[in-house]
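Positions 35 to 506 (the working numbering) are the ones given, in order, by the sequence shown. Where a beta carbon is used, it is the ideal one built from N, C-alpha and C, also for glycine.
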Amino acid sequence: MPPADPASVSNSKFQISNPKSQISNLKSLISNLKSQIPVVLYHSTHNPTHRVDLKEAILRSLPPDNGLYMPDSLPVLDADFWKSWRDLSFHEIGCAVAQAFFGSDVPTAALRDIVATSLTFDAPLVTFAPDDHILELFHGPTLAFKDFGARFMARLMAWLTRGDDRQLTVLVATSGDTGGAVASAFLNVPGTRVVILYPQGKVSGLQEKQLTALGGNITALEINGSFDDCQALVKSAFLDRELSENLNLTSANSINLARLVPQAFYYIHAARQLPQGVKPVFVVPSGNFGNLTAGLLAMHLGLPVAHFVAATNRNDVVPEFLRTGSYAPRPSVPTISNAMDVGAPSNFVRMQALFGGSWERMKSMISGMSFTDEQTRAAIREVKSLHDYVIDPHGAVGWLAARQWRALHPGSTTITLETAHPAKFPDVMVAELGQQAMAVPERLAILANREKVAVPLGIDFATFRDWLVATF
Ligand SMILES: *Cc1c(COP(=O)(O)O)cnc(C)c1O
Numbered sequence: 035m036p037p038a039d040p041a042s043v044s045n046s047k048f049q050i051s052n053p054k055s056q057i058s059n060l061k062s063l064i065s066n067l068k069s070q071i072p073v074v075l076y077h078s079t080h081n082p083t084h085r086v087d088l089k090e091a092i093l094r095s096l097p098p099d100n101g102l103y104m105p106d107s108l109p110v111l112d113a114d115f116w117k118s119w120r121d122l123s124f125h126e127i128g129c130a131v132a133q134a135f136f137g138s139d140v141p142t143a144a145l146r147d148i149v150a151t152s153l154t155f156d157a158p159l160v161t162f163a164p165d166d167h168i169l170e171l172f173h174g175p176t177l178a179f180k181d182f183g184a185r186f187m188a189r190l191m192a193w194l195t196r197g198d199d200r201q202l203t204v205l206v207a208t209s210g211d212t213g214g215a216v217a218s219a220f221l222n223v224p225g226t227r228v229v230i231l232y233p234q235g236k237v238s239g240l241q242e243k244q245l246t247a248l249g250g251n252i253t254a255l256e257i258n259g260s261f262d263d264c265q266a267l268v269k270s271a272f273l274d275r276e277l278s279e280n281l282n283l284t285s286a287n288s289i290n291l292a293r294l295v296p297q298a299f300y301y302i303h304a305a306r307q308l309p310q311g312v313k314p315v316f317v318v319p320s321g322n323f324g325n326l327t328a329g330l331l332a333m334h335l336g337l338p339v340a341h342f343v344a345a346t347n348r349n350d351v352v353p354e355f356l357r358t359g360s361y362a363p364r365p366s367v368p369t370i371s372n373a374m375d376v377g378a379p380s381n382f383v384r385m386q387a388l389f390g391g392s393w394e395r396m397k398s399m400i401s402g403m404s405f406t407d408e409q410t411r412a413a414i415r416e417v418k419s420l421h422d423y424v425i426d427p428h429g430a431v432g433w434l435a436a437r438q439w440r441a442l443h444p445g446s447t448t449i450t451l452e453t454a455h456p457a458k459f460p461d462v463m464v465a466e467l468g469q470q471a472m473a474v475p476e477r478l479a480i481l482a483n484r485e486k487v488a489v490p491l492g493i494d495f496a497t498f499r500d501w502l503v504a505t506f
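Laid out in structure tokens, this is it:
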């Protein structure tokens, strides 16, 4: 089977073709001359002439113009890879994809090590029926797919700053889950430390343990305020130039490009497990659309994909856009699949860039579907009775979309991404399936008995600054 035609998703913006941009390319190459010459440059989606090298794109995370970084040219895996991809291991696929994206800046041996130490768990494909599959992405330390991106990013950041004399300090404000994934990802990564700010009394007991009981290079600050106060403190720290330079601050932001690339690994890994010749429809429970964007990167690499379905809860800005062509971001509404409660998806501009800004092209490859909490709760019960499988509220939204897609398009084969372990959502799961359905994985259960260690702090920046300076 020939790979999908990469030209169908390529975009002239990603090719360096005109002489003018070649000159500015050369200029930034020269100004970026350090220990080695970066071959791939990254531009902001808001301003193609704002160009940086890999280190800046990854450590800075966000361009100053509030766009998102994209590589000037998107890689395609060669015919050799697509000849043998079905026989490769998850690691080998990871190495090939990482090499395709970062191989001109990071030596192969370092990339292999980054992949090997990030991918320490599998992403199994569970088959309900020959046309109905679930890709379990929750086997990492914090039980959600975000472990893939966060762990790879942590190790790539550590490598990019390996020669620096100062440690890299990652500052994160969290309302719960993201902080846990980032903290766990950086745990024991040499040359790095993490400072997490979380609002006192506003995260669940288990979430608090995920933030405060890790020890090592992870420090938790329990802020006597709201999540917004935590975020404001982090923002002020980045704006404080002296502090930011002295502590070598970075944000490990969730739209960091280094978090997307490792998410492309499991699309290829899952598709290769289908019978030869079957092109999957990937159904992706979505919030900020990082996961779906990673699927588009996999397709650009050459992966044969029939279609993508963007599955959302009532926060349906993207399904609405795909239906109508008009994009209307708005405040999010709370749902039981709360990791997808996003009203202004941060990766939407990347998706647009990947389709050259064309709504027609995007909707020919992606369809949107959204579901209510009542439908999601019913789906959790149905999946249990039909397949004896416990699916979390996010995966359940995906399962509903997959079923609807197969009904509308007989003969298609769906792979639904199951983004989190159900044990992370005990209230919903117990309400729908009862206590006996709740098996808590050991890596979560162990945390419950660990000691919470957190530094209590107020919400004024001066105190926070003093604490940082005195501590590091
Ligand atoms: C973050 C998250 C999502 C949404 O993923 P995006 O990449 O933001 O679309 C879905 N499910 C779970 C469990 C998550 O944690």
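Asked                                                                                                                                                             : Found
May I ask you to check if the CB of Ala178 is nearer than 7 Å to at least one heavy atom of ligand 1?                                                             : yes
Whose C-beta lies closer than 7 Å to the C-beta of Phe495 among residues of the same chain, with five residues either side of it excluded?                        : Leu267 and Ser270
Measure the Cβ-Cβ separation of Phe204 and Thr151 and say whether it is below 8 Å.                                                                                : At residue 204 the sequence reads Val, which differs from the Phe that was named. No.
Who are the Cβ neighbours of Ile127 in its own chain at under 8 Å, not counting the five residues just before and after it?                                       : Trp119, Phe299, Ile302, His303 and Arg306
Give, in chain order, every unbroken run of the beta strand (DSSP E) that is at least 3 residues long and sits entirely within the stretch 188-246.               : 202-207 and 226-233
Please determine whether the Cβ atom of Leu356 lies at a distance below 7 Å from any heavy atom of ligand 1.                                                      : no
Give the list of continuous beta strand (DSSP E) stretches no shorter than 3 residues that lie fully inside the stretch 377-412.                                  : 400-404
Residue ranges of each beta strand (DSSP E) run of no fewer than 3 residues wholly in the stretch 418-460, ordered along the chain?                               : 447-452
What do you reckon, are the CB atoms on Pro353 and Ala344 nearer than 8 Å?                                                                                        : yes
Helix or strand or just coil, what does DSSP make of Glu256?                                                                                                      : strand
Since Phe323 and Asn381 should fall inside the 8 Å C-beta cutoff, what is the C-beta to C-beta distance between them, to a whole number of angstroms?             : 4 Å
For Ser320, does the count of other Cβ atoms within 10 angstroms reach 16, so buried, or fall short, so exposed?                                                  : buried
Compare the C-alpha of Gln21 against each of Lys418, Lys458 and Gln409 and name the closest.                                                                      : With the chain represented from 35 up to 506, any question about residue 21 goes unanswered, as that position is not in the structure.
Could you say which of Ser404, Thr453, Arg415 and Gly197 lies nearest to Val462 if we only look at CA atoms?                                                      : Arg415
From this set, Leu337, Met333, Val315 and Gln469, which residue's C-alpha is nearest Trp433's C-alpha?                                                            : Val315
Closest Cβ-Cβ distance between Gly402 and chain D: below 8 Å?                                                                                                     : Included in the structure is just one protein chain, with no chain D present.
With DSSP collapsed to three states, give me the class of Tyr300.                                                                                                 : helix
With C-beta atoms as the reference, is Ala373 less than 8 Å away from Ala465?                                                                                     : no
Taking contact to mean 3 or more Cβ pairs, one atom from each stretch, closer than 8 Å, check whether the stretch 133-144 and the stretch 105-119 are in contact. : yes
Spell out a yes or no on whether the stretch 466-475 and the stretch 443-452 are touching, meaning 3 or more CB-CB pairs, one atom from each, closer than 8 Å.    : no
Does ligand 1 have a heavy atom nearer than 7 Å to the CB of Ala387?                                                                                              : no
So, does the stretch 209-224 touch the stretch 247-263, judging by three or more C-beta pairs under 8 Å?                                                          : yes
In the DSSP assignment, what are the bridge partners of Glu416?                                                                                                   : Per DSSP, none; premise fails for Glu416.
Does the Cβ-Cβ distance between Val417 and Tyr423 come in under 8 Å?                                                                                              : yes
I'd like the span of the alpha helix (DSSP H) that includes Val268, first residue to last.                                                                        : Phe261 to Leu273
Between Gly324 and ligand 1, is there a pair consisting of the residue's CB and a ligand heavy atom that are separated by less than 7 Å?                          : yes
Could you tell me whether the Cβ atoms of Tyr103 and Pro109 are closer together than 8 Å?                                                                         : no
Can Gly321 be considered in contact with ligand 1, in the sense that its beta carbon sits closer than 7 Å to one or more heavy atoms?                             : yes
Could you please give me the residues that DSSP links to Pro319 through a beta bridge?                                                                            : Ala345
Would you check if the stretch 477-491 and the stretch 395-411 touch, i.e. whether three or more CB-CB distances between them fall below 8 Å?                     : no
Cutting at 7 Å between CB atoms, please list the residues of its own chain near Gly492, excluding the five before and the five after it.                          : Asn258
Given this structure, state the Cα-to-Cα distance separating Leu240 from Pro460, to the nearest angstrom.                                                         : 11 Å
Since Ile92 and Leu291 are thought to touch, with beta carbons under 8 Å apart, how far apart are those beta carbons, to the nearest angstrom?                    : 7 Å
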